[in-house]
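Below: the structure, in structure tokens.
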Amino acid sequence: SAYKIGSHWWRAFDPELARRQERARKLENDMREGLRRGEFHLLYQPQVDLKTGAVRGAEALLRWDHCDAGPVSPAEFVPVAEASGFIRELGRFALFEACRQASKWPDHMTVAVNVSGIQIQDAGLLEEVQLALLESGLAPKRLHLEITESAFVEGSRAVLDLIGNIRAMGISVALDDFGTGYSSLSYMTAMPLDKLKIDQSFVKRLSTDPASLVIIQSVLSMAHGLNLRAIAEGIETREEWDILKALGCQEGQGYLFGRPMRSEDLVALAIPSDQLHQRLAG
Ligand code: C2E
Ligand code: MG
Ligand code: MG
Ligand code: MG
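This is how it looks when you write it as structure tokens:
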């Protein structure tokens with residue numbers, strides 16, 4: 644659609660593209676304003692021990708209540724924030740806020756914070772994480788970071804080093820949405836990781852598609868062989884829980900155990916596992 648007049652290249656005006664760009668620009672402006680005005684907050688979705696169902700911790704998920712448009716989904720605003728670089732500020736907010744709130748939870752509970760591939764391109768992330776722990780007083784072992792597979796695949800030596808340094812602090816690193824990206828098996832061994840998070844698309848197909856059972860089985864045996872923990876996301880039914888438990892997946896997350904909820908509600912839900920055992924026995 645580009646053409647040349649004289650020595651200049653011109654691009655044909657594409658109203659659809661222009662609308663999309665305009666919408667993204669407005670969204671980005673609104674995000675900046677919104678962050679300043681306190682329109683963003685975090686909800687926490689329980690992460691459970693699949694053997695017992697006991698809550699181990701939670702994943703922090705960003706929510707945006709736009710002043711006049713109402714709630715905007717992270718599926719919409721996160722990609723826009725990543726494209727503009729604003730995800731660095733948004734991600735910093737999520738990190739500090741999650742550490743601050745989790746420091747008030749019972750000591751055994753962990754918090755998992757999503758970190759964008761854009762954020763891990765920046766070596767300054769290490770200091771940010773240190774500061775978030777220092778300010779909140781949260782023990783490093785209670786902080787988990789979730790990084791998407793694509794960020795790793797594009798990862799340079801510097802990215803791998805940064806993640807290695809973060810892990811050396813005692814923070815645990817999980818590979819999010821595993822199975823949707825392009826990690827090769829040989830690549831996996833080079834990645835400094837603690838946990839694999841099996842993408843919900845595999846869990847969703849578990850009861851209808853035998854192939855997804857095979858995929859989950861091989862992911863779990865690979866995780867086991869590489870000494871990684873495994874967590875499955877998007878568990879919605881008792882049947883999915885039973886299958887994943889039988890396959891040896893250690894942890895799970897999904898609407899069956901709890902929707903993303905406010906910090907106070909999470910704490911109320913998270914009964915220590917010894918008390919849970921007593922309850923089950925009694
Ligand atoms: P994700 O990290 O893979 O998070 C899991 C998503 O699955 C969440 O959607 C969660 O609400 C949803 N989910 C959990 N259990 C179930 C279930 O049983 N069934 C179904 N259908 N869905 C379930 P959410 O909160 O809309 O977040 C979407 C994505 O936005 C996240 O995917 C993550 O990639 C991104 N995101 C959210 N918060 C942050 C953040 O603070 N930083 C960054 N970089 N990305 C974030
Ligand atoms: Mg995640
Ligand atoms: Mg995920
Ligand atoms: Mg996902």
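full-length UniProt numbering puts the first residue of the sequence shown at 644, with every later residue one more than the last. Here a beta-carbon is modelled for each residue, glycine too, at the ideal position from N, C-alpha and C.
Fewer than three pairs of CB atoms, one per stretch, sit closer than 8 Å, so the stretch 905-913 makes no contact with the stretch 870-877. If you draw a 10 Å sphere on the C-beta of residue 842, you find 16 or more other C-beta atoms in it, and that means buried. Taking the Cα positions, residue 718 is about 17 Å away from residue 678. Annotated as distal: residue 819 and residue 778, with beta-carbon spacing of 8 Å or more. In the same chain as residue 709, and ignoring 5 residues on each side of it, the C-beta atoms closer than 7 Å to its own belong to 673, 677, 682, 715, in chain order. DSSP places residue 684 inside the beta strand (DSSP E), whose first and last residues are 683-692. A residue is called buried once 16 or more other Cβ atoms fall within 10 Å of its Cβ, and residue 688 is buried on that count. Under DSSP, residue 714 takes part in a beta bridge, and its partners are 708.
Excluding residues up to 5 positions away in sequence, 841, 842, 845, 858, 862 lie with their Cβ nearer than 7 Å to the Cβ of residue 822 in the same chain.
Under the three-pair Cβ rule at 8 Å, the stretch 690-703 counts as touching the stretch 751-763. The beta carbon of residue 724 sits closer than 7 Å to the beta carbons of 674, 730, 733 from its chain, once the five residues preceding and following it are set aside; these are given in chain order.
With a 10 Å radius around the Cβ and a threshold of 16 neighbouring Cβ atoms, residue 737 comes out buried. If you draw a 10 Å sphere on the C-beta of residue 878, you find 16 or more other C-beta atoms in it, and that means buried.
Nearest in C-alpha terms to residue 666, of all of 645, 686, 722, 652, is 722.
Residue 904 sits in a strand when the DSSP states are folded into three classes. In the structure shown, residue 672 adopts helical secondary structure according to DSSP, grouped into three states.
About 14 Å separates the Cβ atoms of residue 880 and residue 856, ruling out a contact at the 8 Å cut-off. Counting only the Cα atoms, residue 662 lies some 44 Å from residue 910. Following the DSSP letters along the chain, one finds residue 870 in no alpha helix (DSSP H), marked with neither H nor E.
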